[in-house]
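For what it's worth, the numbering used here labels the leading residue of the sequence shown as 4, then goes sequentially.
Contents: one structure, followed by commentary.
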Amino acid sequence: MAKNNTSATWSKRLSKAVRRPIGGVHPDDQKAAQAVATETLPVPPLVKLAVTSVTPAGCQLLVKPGDQVAVGQPVASPVDRMSVPLHASVSGQVLSADEAVNINGQSCPVVVIASDGRQTPWEQLAPPQVTDFDSFRQAVRASGVLGLGGAGFPAFFKLGSAPDQRIDLLVANGSECEPYSASDAREMLENGAELLAGIRAVLDYGQIDRAIIGIEGNKPEAIRHLSELIGDDERICVRVLPRRYPQGGEKQLVYAVSGRKIAGGALPSAVGALVMNVSSLAAIAVYLKTGQPLTQRRITVTGPAFDRPRNLMVPVGTPVSQILTYAGGLNGAGSCLIQGGPMMGRLIEDYEAGIMKTTNLLLGLTAAQTKKPAEQACIRCGLCAEVCPMRLQPSEMNQLVLLGRYQEAAERYYMKDCIECGCCSFVCPAYRLLTQSFVYGKQQLRSAQQQTQGGQTK
Ligand code: SF4
Ligand code: SF4
């Protein structure tokens with residue numbers, strides 16, 4: 004009887020219409036890894052923890068070579084108002100803490116810890132004292148949780164980013180629209196109770212009315228499992244989304260589940276919404292319950308260059324080479340490894356770099372798959388504009404970027420609104436490197452802005 008009631012509630016919840024996505028494409032989703040349970044990677048002999056921060060030099064190191072550290076002990080703490088601490092993911096001895104290149108190819112301090120294999124927890128780990136919104140937000144910051152879907156924006160900062168705006172809707176992002184990626188799908192299946200605990204904590208302390216978990220329809224097991232777990236909790240529901248890339252973009256997701264349109268350059272808070280990744284919410288719940296900060300994460304290791312798809316629970320900082328060895332290595336000469344999916348991912352150059360909190364997918368591609376035809380002249384077919392989820396004019400912006408007219412691309416064609424989703428490049432019959440040009444153009448704009456600000460403060 005109870006089961007029938009629950010089923011009826013699901014049907015009611017699942018039948019709510021979602022809005023048709025604006026633009027977007029349908030890449031082959033390649034979600035074989037969704038069906039594979041997570042294995043735990045053996046503790047690596049060492050980890051390399053990249054100390055990154057939201058603002059330049061936004062974190063300070065707390066350890067030096069020779070120090071003994073335990074799992075969960077902070078090795079770097081924020082000194083700006085946006086960054087989060089970084090914690091040791093293995094117990095052992097700090098070997099070095101020098102400037103090095105991280106998995107993203109960026110230079111930053113990297114703390115190298117030799118594991119003693121014991122995984123001794125830090126003695127000061129304890130559940131945080133949370134009594135109100137401010138202490139909740141501080142706890143989320145202390146947990147070290149970032150946007151684990153790949154965006155990497157600090158979770159605590161999102162919670163307080165719009166103090167003057169009333170937030171009435173939490174959108175838990177479980178869309179995971181990037182092809183091959185399955186870590187969020189496994190999180191929802193294997194850690195559903197923690198995910199719901201995280202959602203309820205954000206609703207309670209943030210005084211938010213309700214939560215919608217947005218999940219693409221290609222994850223039926225996660226949809227069913229979470230709907231069962233939600234039961235009669237009227238504050239939370241699952242909304243099934245059509246399979247469409249980039250369904251997981253914040254603007255696209257909020258519109259799909261609620262019909263609220265976020266203007267270019269605005270945040271979800273402008274329409275009363277807060278978007279958080281499902282794995283981030285689960286990690287917050289774990290910290291609230293145990294005091295265990297984010298020291299490990301689930302990674303999907305898949306693609307045609309691997310024997311089979313895997314999901315692995317991996318200490319943050321584990322060198323890519325360790326994961327490759329465990330997964331049996333890449334097949335075929337000329338194969339390569341991408342961090343992230345085929346639409347937004349980037350090539351990993353150094354397999355000795357450590358994975359970061361934002362590394363959710365290691366995609367192995369064969370040599371044939373990485374060959375791209377040469378760029379040709381634009382034939383003005385308009386396909387790129389048709390699929391752009393931000394309603395931009397990619398061909399026009401591309402022309403201006405190639406001419407070095409970045410400011411004009413921003414002012415006339417809103418290039419700063421580009422979310423770098425890759426849809427325009429995906430459909431372009433002339434193989435133009437559109438997205439890459441916008442990434443470059445936006446970097447040039449940021450550099451120019453920093454130089455201007457630097458000049459003004461001299
Ligand atoms: S899709 Fe490519 S060829 Fe077509 S208009 Fe856009 S840039 Fe030009
Ligand atoms: S990469 Fe930018 S311009 Fe291209 S489709 Fe995505 S949002 Fe539009």
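Note that the Cβ used here is the ideal one computed from N, Cα and C, for glycine as well.
Ligand 2 heavy atom lying under 7 Å from the CB of residue i
| i | result |
| --- | --- |
| F139 | no |
| M346 | no |
| F441 | yes |
| V390 | yes |
| I215 | no |
| E411 | no |
| L198 | no |
| E423 | yes |
| T438 | yes |
Neighbourhood of residue i by C-beta distance below 8 Å, restricted to the same chain and skipping five residues each side
| i | result |
| --- | --- |
| S14 | With a pLDDT of 41 at S14, under the threshold of 50, the predicted position of this residue should be treated as unreliable, and no value is reported. |
| S440 | M400, N401, V404, L405 |
| Y329 | L44, P45, L315 |
| P318 | L44, V46, P47, V50, S92, V93, T298, Q299 |
| L333 | A308, F309, L327, C339, L340, G367 |
| Q250 | P24, G27, S178, C180, G217, E219, L244, L256, A259 |
| R169 | G275 |
Residue burial classification, residue i (beta-carbon count within 10 angstroms, cutoff 16)
| i | result |
| --- | --- |
| R23 | exposed |
| S18 | Confidence at S18 is low in this model, with a pLDDT of 43, below 50, so its placement is unreliable and the value that follows should be read with caution. Classification of S18: exposed, given that the 10 Å Cβ count is below 16. |
| Q109 | exposed |
| T298 | buried |
| S282 | buried |
| G147 | buried |
| N280 | buried |
| K222 | buried |
| K375 | exposed |
| L149 | buried |
| T187 | Before going further, note that residue 187 is Asp rather than Thr in the sequence given. By the neighbour-count rule (16 or more Cβ atoms within 10 Å), D187 is buried. |
| E352 | exposed |
| S450 | exposed |
| A225 | buried |
| D212 | exposed |
Option in the options with minimal Cα separation from residue i
| i | options | result |
| --- | --- | --- |
| Q453 | G26, V21, T58, A286 | T58 |
| D83 | A60, G367, Q109, A73 | A60 |
| A336 | T328, L365, A371 | A371 |
| L89 | P77, A103, S282 | P77 |
| G26 | D101, L49, G252 | G252 |
| V54 | R301, E102, L386, F159 | E102 |
| L52 | S99, G69, T41, S86 | S99 |
| V21 | M400, I216, G163, H29 | I216 |
| G155 | P245, A214, M85, A142 | M85 |
| L173 | P182, E181, D167, L162 | L162 |
| K67 | A40, P48, Q96, V87 | Q96 |
| S138 | D207, T305, T362 | D207 |
| T438 | Q396, E414, R449 | Q396 |
| K292 | D31, M359, V143 | V143 |
| G444 | Y434, C431, G407 | G407 |
| T369 | E355, L350, S324 | L350 |
| K419 | R189, Q410, G425, R383 | Q410 |
| A356 | A273, A433, T321, C426 | T321 |
| L346 | A380, S428, R121, G262 | Per the sequence shown, the amino acid found at residue 346 is Met instead of Leu. Closest by alpha carbon: S428. |
| A145 | G75, V114, L151 | G75 |
| D70 | G262, V114, N107, V87 | V114 |
Check: residue i C-beta below 7 Å from any heavy atom of ligand 1
| i | result |
| --- | --- |
| R121 | no |
| P397 | yes |
| G385 | yes |
| R394 | no |
| N280 | no |
| L297 | no |
| C426 | no |
| C381 | yes |
| R227 | no |
| N401 | yes |
Anticipated Cβ contact below 8 Å, residue i with residue j, distance rounded
| i | j | result |
| --- | --- | --- |
| E126 | A79 | Contact doesn't hold; Cβ gap of about 19 Å is too wide. |
| E193 | G343 | 22 Å between Cβ atoms; not a contact. |
| A129 | G294 | 4 Å |
| A117 | E197 | About 31 Å; that fails the 8 Å criterion. |
Chain-order list of residues whose beta-carbon lies under 7 Å from that of residue i (same chain, five-residue window excluded)
| i | result |
| --- | --- |
| P271 | E253, V257, I265, L277, V278 |
| T455 | none |
| G201 | L284, A285, I287, A288 |
Cβ-heavy atom distance, residue i to ligand 3, below 7 Å
| i | result |
| --- | --- |
| P432 | In the structure on display, ligand 3 does not appear, and the ligands it does have are ligand 1 and ligand 2. |
Residues near residue i in its chain [Cβ-Cβ closer than 6 Å; skip 5 each side]
| i | result |
| --- | --- |
| V442 | E423 |
| N8 | Legend: pLDDT at N8 = 43, less than 50; position of this residue unreliable, value from coordinates given subsequently. Nothing listed; no residue qualifies. |
| F136 | Y208 |
| P131 | A142 |
| R203 | none |
| D119 | S94, G95 |
| G267 | Y417, D420 |
| P312 | A35, A36, V39, T305 |
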